[in-house]
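Chains as they are written, first to last, in our numbering: chain E, 1 to 557; chain H, 1001 to 1237.
To start, the structure itself, in structure tokens.
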Amino acid sequence: MKINWKTTLRYGLIGGVSALYFSMIGMVELFAGRNLIGTTVNMGHLLLYGGMLAAGLLAARAHHQGKLAQHAVIGLVAGLSAAIPTALLVILHEFIPMQDVFVSVNNALIRFLTFERGLPGLLQFFLASGLLGLLGGLFDGIPTDYRRAVGTGLAGVAIVAVFSDLVTQVLTNLFGRASVNIFFVSKALKPVIALVLLLAIAAFVFMRDRRKANAPAAVAAAPLDKRAALRKQVILFVIIGALLAIAPWILGSFLSQVLFEVGRFVLLGLGLNIVVGYAGLLDLGYVAFFAFGAYTMGLLTTTTNLNLGGGVFNFWLALPIAVLVSVLFGVLLGFPVLSLRGDYLAIVTLGFGEIIRILALSDWLKPIMGGAQGVLFIPTPEIFGIVFDSPESMYYLVLAAALVAAFVSIRLRDSRLGRQWMAMREDEDVAEAMGINTVQTKLLAFAIGAGFSGLGGAIFAARLGNIFPHSFNLLISINALSLIIVGGLGSIPGVIVGAIALVGLPELLREFQEYRLLIYGILLIVMMLNRPEGFLPAEVFKRELHAGEITEPAEVE
Amino acid sequence: MAMLEVHDIHTYYGNIHALKGISLEVNQGEIVTLIGANGAGKTTTLRTISGLLRPRQGTITLNGELISELPAHELVYKGIAMVPEGRGVFAKMSVQENLEMGAYHRNDKAVITSDLEYVFGLFPRLKERRRQVSGTLSGGEQQMLATGRALMSKPTLLLMDEPSMGLAPILVEGIFDTIQAINKEGTTVLLVEQNALMALSIAHRGYVLQTGQIVLTDKADKLKKDPTVQKAYLGVD
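Written out as structure tokens, the structure reads:
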């Protein structure tokens, strides 16, 4: 096979320009401050050289086949060329200090790039890049089972190291502070532990794949015994249920709060999933209903003079009312947009969302809704003497709400109404010609979606104790929409995975907060290019997006 | 009294006057066809009858009952079913799910099951592919599916919009045979077609539309011999 140098160089340069970009915006330098394994590997390395590795791997993959040696050469060239742009930056910096214009191109960055050795260090930089590119190329060339094992192992170590906060917290809560010091040095994995972990995961994956491959094909293909499958499912449910129930004890206060955030967005996502995923109505003003829920809860229970409830309402009485109010507004805002489809619907709902926020902020409604000062002193829920004042207890509240919402979602999906939504999403006219009342069907989607959102808003208000108009900005709607798309439109497990990925994980990486939206954007683009159906897609969308890949029996007409 | 009576309907798209006073009748047990060139108003007429468009003027009655005021989804309950232009199958649903949507407004599970078997009897091809996603069916199969789905609502009047569109001639023949079979079993059919020759060969009567008006109506075999029809739609000089 001939090596296509143009393709190889292209991948290398794409990697190189990305590395240059990440360096110049300060990401590399910031990431370099966080050690992953001992003091030798930090997150800056992961970002920079991970790119070189990817360049080598992708360049080799673009060649489809070839000998291992060719893979190595391709990877090496891609890796070396990926180092060029950043190397040029280092050289340029030597002669023209750029820090006045590019704040992040500073000595700290240069020291990191040159291994603290000045210009001669560039040689080392090229060496490292070339080596990583070579490894990436080789990685693509080795047999699949080895590749899976090594890949999973590396990914596992990287995840443990990057989310070491989470791991150390769990270890502390389970086995005490001392256990952490066995595995970690400050936040970084000890090198020996990292190696052991890598080997353990790789060995596990390798053995499992082997066993699967060795099992007689007939047994693997035969449909699982139904009872056994059911038992497996029940066991899985029990384990997940138990984990959810004890999560706050394992995770501690801060992580419980992260879980609360995830739960809040699961609620939002489940509601929006009904509107967008089931009924196919693209609603960009979804945050409005979240605001209705929160403000209803706030205004009914606050102890300030904004209180509209006359002191009668506690959290539990106000909760159903908050949901009802949201449902009502869901229907009210649904009416004007009944005849709108697709993009037009998205624009109008976007407008609605903003109107609601601006109304809450306005001086006109200030006597009722508190204007920019918001609604303060919303009491925490309390039942049978249990006060929900800690993140841990609020977690249970949002968990219960999310479970109810998930249950309702599942039942709705399989109901007549679910089919109505699906038919309407596919073709509104035909659905109508089948006898479906599309007006009613649409309004029900808006109403139920709004109800879930309102529930989330009410709990949110009680958790924070005060609410402000700016908590209900467009970004919440966008977040909710992104998470259901990333998770998989129309899929309930997808909503949960999406919420963890887009809301939970960023909370764990707060130190890199300023690049959150950048990473978010990159993730979305990569996701849509490579896996448009989402992490855990619903059956119908999988069928749609991969319809071309279904092997059909030949037509005989 | 005719089963379906359309009296002087005028339908607009915004300011465009698409139907300029269409009147037609369909009697119990007939196959009636609307033929005409592109843009003559055939589909508009059908969509107006099925309630998806609303006439600005004129009335439509079904068995003496005024239906031109009713929303589309209620007409299904009155016994009207439509096979839309371009077939309009629910692409992401399986074949069987599509057929079940046709019986959406009914609640009699046992009868629905037997109707499903009836449709599978008409189109054995659909039975073979009942679990397949309908978006992956061929054009001919999708037309069968759309027809079968309409039949699942047990219609007394079946509206068909261009069933021959985009299909190979041999498939068109099959579809038209089926229409005749359905008709023989008691379903009245109103058929819109560009393929005038095929339509007139199975229909009892026909209407010729031109720019939103009916210019000619007669028995189908007489229309076939009519010189203007022959010249304009049958390609006979």
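We put the beta carbon where it would ideally sit given N, CA and C, even for glycine.
Exercise for review: For E/V387, count neighbouring C-beta atoms within 10 Å of its own C-beta (all shown protein chains included) and say buried if the count is 16 or more, exposed if not.
Suggested key: Within the first sequence, numbered from 1, the residue matching residue 387 of chain E stands at position 387. That one is exposed.
Point to revise | Cβ of H/F1176 within 8 Å of any chain E Cβ | key: Indexing the second sequence from 1 puts residue 1176 of chain H at position 176. By this cut-off, H/F1176 is not an interface position.
**Study point:** DSSP-derived helix/strand/coil call for H/Q1230
**Key:** Taking the first residue of the second sequence as position 1, residue 1230 of chain H is located at position 230. H/Q1230 falls in the helix class under three-state DSSP.
Check your understanding: Can a CB atom of chain E be found closer than 8 Å to the CB of H/K1109?
Key -> In the second sequence, counting from the first residue as 1, residue 1109 of chain H sits at position 109. So, not an interface residue.
Exercise for review: Would you kindly work out how many angstroms separate the C-alpha atoms of E/Y286 and H/Y1118, rounded to a whole number?
Suggested key: What you label residue 286 of chain E is simply residue 286 of the first sequence in a count that begins at 1. What you label residue 1118 of chain H is simply residue 118 of the second sequence in a count that begins at 1. Rounded to whole angstroms, E/Y286 to H/Y1118 spans 45 Å at the Cα level.
Check your understanding: Considering H/Y1013, what are the terminal residues of the beta strand (DSSP E) in which it resides?
Key -> Your numbering for residue 1013 of chain H matches position 13 in the second sequence. First-last of the beta strand (DSSP E) with H/Y1013: L1004 to Y1013.
**Study point:** Nearest-angstrom Cβ-Cβ length linking E/H71 and E/G16, presumed shorter than 8 Å
**Key:** Counting from one through the first sequence, the residue named residue 71 of chain E turns up at place 71. Counting from one through the first sequence, the residue named residue 16 of chain E turns up at place 16. Between E/G16 and E/H71 the Cβ distance is about 20 Å, and since that is not below 8 Å, they are no contact.
Practice item. Return the residues of the stretch 286-317 of chain E that lie within a Cβ-Cβ distance of less than 8 Å from chain H, sorted by chain order. Key: none
Check your understanding: Under 7 Å Cβ-Cβ, which residues of chain H neighbour E/N437?
Key -> In the first sequence, residue 437 of chain E corresponds to position 437, counting from 1. In chain order: H1073.
Review point. Among E/V73, E/L154, E/G130 and E/P191, which has the Cα closest to the Cα of E/G141?
Key: Start at 1 with the first residue of the first sequence, and residue 141 of chain E comes out as number 141. Checking every option, the nearest Cα to that of E/G141 belongs to E/V73.
Check your understanding: What is the DSSP secondary structure of H/S1094, reduced to helix, strand or coil?
Key -> Here residue 1094 of chain H refers to the residue found at position 94 when the second sequence is read from its first residue. Looking at H/S1094 - three-state DSSP - the assignment turns out to be strand.
Exercise for review: Would you mind reading off the limits of the beta strand (DSSP E) that contains H/K1219?
Suggested key: Here residue 1219 of chain H is taken as the residue at index 219 of the second sequence, counted from 1. Q1213 to K1219 is the extent of the beta strand (DSSP E) around H/K1219.
Practice item. Find the nearest neighbour of E/I355 within the set E/H93, E/S23, E/L284 and E/A83, judged by alpha-carbon distance. Key: Along the first sequence, one-based indexing puts residue 355 of chain E at 355. Minimum Cα distance to E/I355 is reached at E/L284.
Point to revise | For E/F265 and E/V503, believed in contact at Cβ under 8 Å, the rounded distance | key: Here residue 503 of chain E is taken as the residue at index 503 of the first sequence, counted from 1. Here residue 265 of chain E is taken as the residue at index 265 of the first sequence, counted from 1. Right, their Cβ atoms sit about 5 Å apart.
Review point. By Cβ distance below 6 Å, which residues in the same chain neighbour E/A220 in space, the five residues on each side in sequence not counted?
Key: By one-based count along the first sequence, residue 220 of chain E stands at place 220. Bear in mind that a pLDDT of 48 at E/A220, under 50, signals an unreliable position, so the model cannot answer this.
Review point. Near E/L443, what residues of its chain come up, given a Cβ to Cβ distance below 6 Å and the 5 sequence neighbours on each side ignored?
Key: The residue given as residue 443 of chain E occupies position 443 in the first sequence. Closer than 6 Å at Cβ, skipping near neighbours: V331 and G334.
Check your understanding: So who's on the other strand from H/L1190, going by DSSP bridges?
Key -> Translated into the one-based positions of the second sequence, residue 1190 of chain H becomes position 190. Paired residues: H/V1032 and H/L1159.
Review point. Buried or exposed: E/H64, going by 16 or more other Cβ atoms within 10 Å of its Cβ?
Key: Sequence index remark: in the first sequence, residue 64 of chain E carries index 64 (1-based). Burial call: exposed.
Exercise for review: Determine the chain H residues that contact E/E533 at a beta-carbon separation under 8 Å, and present them in chain order.
Suggested key: For this step, residue 533 of chain E is matched to residue 533 along the first sequence. The premise fails here: E/E533 is roughly 12 Å from chain H at the closest Cβ pair, so nothing lies under 8 Å.
Review point. When you check each C-beta in the stretch 1040-1069 of chain H against every C-beta of chain E, which residues fall closer than 9 Å?
Key: R1047, S1050, G1051 and L1052
Exercise for review: Take H/R1125 and list the residues in its own chain whose beta-carbon comes closer than 7 Å to its own, dropping the five residues that flank it on each side.
Suggested key: For the purposes of this step, residue 1125 of chain H is identified with residue 125 of the second sequence, where counting begins at 1. Within the same chain, H/R1125 has close Cβ partners E1141 and M1144.
Review point. When the Cα atoms are used, what is the spatial distance from E/L270 to E/V262?
Key: For this step, residue 270 of chain E is matched to residue 270 along the first sequence. For this step, residue 262 of chain E is matched to residue 262 along the first sequence. One C-alpha to the other measures close to 12 Å.
Check your understanding: Leaving out five residues before and five after E/R273 in sequence, what residues of the same chain have Cβ atoms less than 6 Å from its Cβ?
Key -> Your numbering for residue 273 of chain E matches position 273 in the first sequence. Note that residue 273 of chain E is Asn in the sequence shown, not Arg. Correct list, in chain order: I484 and V495.
Exercise for review: Using a Cβ-Cβ cut-off of less than 9 Å, list which residues of the stretch 409-438 of chain E approach chain H; keep chain order.
Suggested key: R416, R419, Q420, M422, A423, R425, E426, D427, D429, V430, A431, E432, A433, M434, G435, I436, N437 and T438
Exercise for review: Evaluate contact between the stretch 1159-1171 of chain H and the stretch 1020-1031 of chain H, counting only Cβ atoms and requiring at least three cross-stretch pairs below 8 Å.
Suggested key: no
Review point. If we call anything under 8 Å between Cβ atoms a contact, is E/A402 one with E/L282?
Key: In the first sequence, residue 402 of chain E corresponds to position 402, counting from 1. In the first sequence, residue 282 of chain E corresponds to position 282, counting from 1. The answer is no: Cβ separation not under 8 Å.
**Study point:** Extent of the continuous beta strand (DSSP E) run through E/G269
**Key:** Mapped onto the first sequence, residue 269 of chain E falls at position 269. Note, E/G269: premise wrong, no beta strand (DSSP E); alpha helix (DSSP H) at K226 to L272.
Practice item. Starting from the beta carbon of H/S1201, find every residue of chain E whose beta carbon is closer than 9 Å, and list them in chain order. Key: Translated into the one-based positions of the second sequence, residue 1201 of chain H becomes position 201. Neighbours of H/S1201 on chain E: none; closest Cβ ~22 Å, over 9 Å.
Check your understanding: Within the chosen definition, does the stretch 1099-1107 of chain H reach the stretch 459-470 of chain E through at least 3 CB pairs nearer than 8 Å?
Key -> no
Check your understanding: E/F204 by DSSP, collapsed to three states: which one?
Key -> Here the question's residue 204 of chain E lines up with position 204 in the first sequence. E/F204 falls in the helix class under three-state DSSP.
Check your understanding: Between the C-alpha atoms of E/V325 and H/A1150, what's the straight-line distance to the nearest angstrom?
Key -> Sequence index remark: in the first sequence, residue 325 of chain E carries index 325 (1-based). Sequence index remark: in the second sequence, residue 1150 of chain H carries index 150 (1-based). For E/V325 and H/A1150, the distance between alpha carbons rounds to 40 Å.
Review point. What residue from E/G371, E/V275 and E/G385 has the CA that sits closest to E/F338's CA?
Key: By one-based count along the first sequence, residue 338 of chain E stands at place 338. Reading off the sequence shown, one finds Leu at residue 338 of chain E, where the question assumed Phe. Minimum Cα distance to E/L338 is reached at E/V275.
Point to revise | Alpha-carbon to alpha-carbon, E/H45 and E/P391 | key: For the purposes of this step, residue 391 of chain E is identified with residue 391 of the first sequence, where counting begins at 1. For the purposes of this step, residue 45 of chain E is identified with residue 45 of the first sequence, where counting begins at 1. Whole-angstrom Cα-Cα distance: 35 Å.
Check your understanding: Any Cβ of chain E within less than 8 Å of the Cβ of H/Y1118?
Key -> Numbered from its first residue, the second sequence carries residue 1118 of chain H at position 118. No, H/Y1118 lies away from the interface with chain E (no Cβ there is under 8 Å from its Cβ).
Review point. Are E/M394 and E/R463 touching if we call contact CB-CB under 8 Å?
Key: Residue mapping note: residue 394 of chain E aligns to position 394 of the first sequence, counting from 1. Residue mapping note: residue 463 of chain E aligns to position 463 of the first sequence, counting from 1. In contact: E/M394 and E/R463 (Cβ atoms closer than 8 Å).
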